[in-house]
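Heads up: the structure comes next, in structure tokens.
Numbering (my numbering), first residue to last: 3 to 288.
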């Protein structure tokens with residue numbers, strides 16, 4: 003049995019939790035290693051990023067960003083990930099530091115199931131050929147570069163021309179990613195158990211632009227219709243420079259991120275807590 007750890011190295015509490023977990027694993031004769039950055043900060047044994055997915059469980063200590071980084075390191079193998087909340091928002095992380103040992107016991111005793119989260123696949127087509135493919139747990143974003151002016155983005159869905167947005171960019175998110183960047187720009191919140199694609203314009207210069215929820219089988223094609231530098235990114239982990247004439251094709255990925263599902267109603271509980279929906283306008287609990 004082997005476990006790999008990944009922590010937000012800017013959070014002392016996350017690093018201490020990683021050390022406590024490592025001691026728990028070692029006391030049960032479970033091999034434990036950490037990614038290079040976490041290992042340097044904790045003096046734990048190191049596993050290379052190339053081999054990070056080769057284990058029975060990954061435990062990520064931090065916020066959603068830390069868990070998403072773990073997802074990208076394991077995306078081609080679907081290694082189970084347990085996210086331990088040491089962050090700000092924490093929609094994707096599954097347990098708190100106080101409940102970690104109980105969650106670990108449940109996982110190794112076979113009492114906790116895995117929840118497969120849908121991912122996106124974004125392909126960059128140049129001269130009709132796929133030259134790059136990236137995968138995302140949260141979102142794929144096509145947007146203008148920092149120095150470029152507002153651009154026009156052309157959108158087609160399943161071969162049908164939809165519209166053109168004068169905007170800063172276009173976000174295609176998964177239900178998991180609907181509470182990320184998509185939420186901050188006014189997109190809809192989607193239950194992660196739903197299989198769908200969410201299309202949201204980023205700072206559109208038109209009143210007709212509205213977020214759109216599409217079927218999981220949908221194929222979205224994006225092109226830039228004006229001059230300027232654009233960038234395609236996946237979860238902020240991968241960035242590709244887009245040239246004039248390039249086409250971006252986004253669809254459901256064959257890959258899945260497997261999260262350890264600690265609480266069956268975890269998403270609904272977090273909505274109430276993170277967005278303060280469980281509080282009335284007068285500050286009393288509903």
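Ideal Cβ positions, reconstructed from N, Cα and C, are used throughout, including at glycine. Since the structure is predicted, the reported quantities are computational estimates derived from the model, not experimental observations.
Asked	Found
Residues that DSSP places opposite residue 104 in a beta bridge	Beta-bridge pairing links residue 104 to no other residue.
Sequence-distant residues of the same chain with beta carbon closer than 7 Å to residue 192, five excluded per side	177, 180, 198, 200, 215
Residue 153 versus residue 232 - alpha carbon distance	9 Å
Which residues DSSP lists as bridging residue 253, in chain order	123
Ranges of the alpha helix (DSSP H) found wholly within the region 168-200, counting only runs of at least 4	183-186
Stretch pair the region 252-271 + the region 67-80: three plus CB contacts closer than 8 Å	yes
Buried versus exposed, by CB contacts within 10 Å (16 or more), residue 234	buried
Cβ neighbours of residue 124 in the same chain (closer than 8 Å, five flanking residues each side left out)	135, 136, 137, 138, 142, 174, 234, 236, 250, 251, 252
Range of the contiguous alpha helix (DSSP H) that encloses residue 72	66-76
Touch test, the region 8-18 against the region 52-70, Cβ-Cβ under 8 Å, three pairs minimum	yes
Three-state secondary structure (DSSP) of residue 117	strand
Exposure label - residue 48; buried when at least 16 CB within 10 Å	exposed
Neighbour-count burial assignment, residue 132, 16 or more Cβ in a 10 Å radius	exposed
Cut-off 7 Å between Cβ atoms - residues of its own chain near residue 207, not counting five sequence neighbours on either side	152, 168, 169
Residue 28 burial status per 10 Å Cβ neighbour count (16 or more: buried)	exposed
Three-way DSSP call (helix, strand, coil) for residue 42 in this model	helix
For residue 25, the first and last residue of its enclosing alpha helix (DSSP H)	14-28
For residue 271, the three-state DSSP class (helix, strand or coil)	helix
Span separating the alpha-carbon of residue 188 from that of residue 73	25 Å
For residue 239, the nearest candidate out of 86, 100, 70 (CA to CA)	70
Pair within 7 Å by beta-carbon distance, residue 202 and residue 184	yes
Span separating the alpha-carbon of residue 186 from that of residue 217	22 Å
Residue 87 - containing beta strand (DSSP E), residue span	83-87
Reference residue 31; option with closest CA among 4, 17, 68	4
Between the CA atoms of residue 120 and residue 46 - distance to the nearest angstrom	32 Å
Alpha carbon of residue 24 to alpha carbon of residue 33, nearest angstrom	9 Å
Residue 224 - DSSP class collapsed to helix/strand/coil	strand
Element boundaries [beta strand (DSSP E), containing residue 138]	131-138
Nearest-angstrom Cα separation, counted from residue 89 out to residue 225	35 Å
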